[in-house]
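Enquirer:
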Amino acid sequence: MSITVHGVHSIDHYALLVPSLSEASRFFTSFGLDVRETGGNLELRAADNHVWAKILPGKRKALAYLSFNCFDDDYLALRRQVEASGARFEEGDGNGFWFRDPDGNLVQVKVGGKFMPDAKRLQPSTPTAADHRGVGPRDSVPQIRPRRLSHVLLFSPDVLRAVAFYERALGLKLSDHSQDIIAFVHARHGCDHHLVAFCKSSAKGFHHAAWEVDDVDQVGNGAAQMAAAGYNQGWGTGRHCLGSNYFHYVRDPWGSFCEYSAEMDFISAGTEWPAGDFAPENSLYLWGPEVPDYFTLNTESDPH
Ligand SMILES: [Fe+2]
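Numbering-wise (our numbering), the sequence shown opens with residue 1414 and increments by one.
1) In whole angstroms, what separates the C-alpha of H1545 from that of S1538?
2) Roughly how many angstroms separate the alpha carbons of Q1494 and A1500, rounded to a whole number?
3) Just tell me which of R1664, G1453 and D1487 has its CA closest to the CA of G1525.
4) Do three or more CB pairs link the stretch 1563-1578 to the stretch 1609-1624 at distances below 8 Å?
5) Report the rounded CA-to-CA distance for P1705 versus G1647, giving the unit in angstroms.
6) When the distance is taken between beta carbons, is E1672 closer than 8 Å to H1661?
7) Return the CA-CA distance between V1576 and A1542, expressed in angstroms with no decimal places.
8) Do Y1579 and L1573 come within 8 Å of each other at the CB atom, strictly closer than that value?
9) Please determine if the stretch 1507-1526 and the stretch 1554-1562 are in contact, where contact requires at least 3 C-beta pairs separated by less than 8 Å.
10) For the 8 Å Cβ check, are there 3 or more pairs between the stretch 1518-1532 and the stretch 1417-1427?
11) Quick check: the Cα distance between S1415 and S1438, rounded to an integer number of angstroms?
12) Figure out for me which residue from V1598, L1455, A1477 and V1548 has the closest Cα to the Cα of E1713.
13) Using 8 Å for Cβ pairs, my map puts L1587 next to A1688. What's the rounded Cβ distance?
14) For ligand 1, I want to know if A1676 counts as a neighbour, meaning its beta carbon is within less than 7 Å of at least one of the ligand's heavy atoms.
15) For I1594 and S1669, I'd like the C-alpha separation in whole angstroms.
16) Which residues mark the beginning and the end of the alpha helix (DSSP H) in which L1718 is found?
17) Between the C-alpha atoms of H1590 and F1691, what's the straight-line distance to the nearest angstrom?
18) Hey, could you find the ends of the beta strand (DSSP E) R1513 is sitting in?
19) With a cut-off of 8 Å, do at least 3 Cβ pairs link the stretch 1427-1436 to the stretch 1468-1475?
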């Protein structure tokens, strides 16, 4: 058995097909992203000014493609790993190489910037001293603007096959999983607990993108910001078990989600994370409201 030593280091961006760009613009702007129209598509920038997502017009919501970045030194070896995995290559746009994963998702790998940080950002905790107010009035809360993309979660008809492929072909590593229900993988060059996650379903599909904010207070303020804009559905606020992040998921107009995420576990370059297989009741959340039925619905597996 060969051991893969070459891996992608970051998601460059994801591209989503949606039936209404104007609805998308309103949703993602309300979420705190900088939305710009260009060439008939939308580009989503976080506070770091990187384009993390492209929103393209389509008949139904679906992942158009997922783009990963790697270091120059790893590029040719990664291409060989993908070839050896038996993946079907696609023509693409001439930038990097393009292929289909076993679920049929279109994937791009190219040489590009490492947008995943090298180290965990430790939020300084500043307790309020006596005789001072801990918070100001509601209308003094600044707009929540996510710092960067953290991860994407995809539905998969075969979670363990997807993990095996991304390990072998793209050099990602298993972080943790719960049986064949959900699994999380990270990049080996210093990465959040998950860069990509897979959740069992009858078909492939895009479940959510997660965006990093500073702390649990920003997660809660983000949820309030979206509720004020009319986006009340979702799940949270709570704290995940696997990944340890505080979360709040807001349902988008097409039944998938955008997540505010804070303080996720971080796996440093060269560190072996003790990947575990956790029982379902120990994998999803420590605390938070009950999971709504629509949270695990794959709207792409049921045409309507
Ligand atoms: Fe997430």
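Don't be surprised by glycine CBs; every beta carbon is placed ideally from N, CA and C.
Expert: With the given structure in hand:
1) Take the alpha-carbon of H1545 and the one of S1538: they are about 16 Å apart.
2) Rounded to whole angstroms, Q1494 to A1500 spans 10 Å at the Cα level.
3) Comparing alpha-carbon positions, the option among R1664, G1453 and D1487 lying closest to G1525 turns out to be D1487.
4) Taking a cut-off of 8 Å for Cβ pairs, the stretch 1563-1578 and the stretch 1609-1624 touch, as three or more such pairs fall below it.
5) Their backbone Cα atoms lie some 8 Å apart in a straight line.
6) Cβ atoms of H1661 and E1672: closer than 8 Å.
7) Take the alpha-carbon of V1576 and the one of A1542: they are about 48 Å apart.
8) The Cβ atoms of L1573 and Y1579 lie no closer than 8 Å to each other.
9) By the Cβ test, the stretch 1507-1526 is not in contact with the stretch 1554-1562, since fewer than three Cβ pairs between them sit closer than 8 Å.
10) Note that the stretch 1518-1532 touches the stretch 1417-1427; at least 3 beta-carbon pairs, one per stretch, sit closer than 8 Å.
11) Bear in mind that a pLDDT of 48 at S1415, under 50, signals an unreliable position, so the model cannot answer this.
12) Out of V1598, L1455, A1477 and V1548, A1477 has the C-alpha closest to the C-alpha of E1713.
13) Rounded, the Cβ-Cβ distance is 5 Å, consistent with contact.
14) Note on identity: in this sequence residue 1676 is Glu, with Ala being the wrong assignment. No; taking the cut-off as 7 Å, the Cβ of E1676 has no heavy atom of ligand 1 nearer than that.
15) The alpha-carbon of I1594 is positioned some 18 Å away from that of S1669.
16) The question about residue 1718 has no answer here: the residues shown for the chain are numbered 1414 through 1717.
17) H1590 and F1691: Cα-Cα distance of roughly 6 Å.
18) First-last of the beta strand (DSSP E) with R1513: F1510 to R1513.
19) In short, these stretches touch, since the Cβ pair count reaches three.
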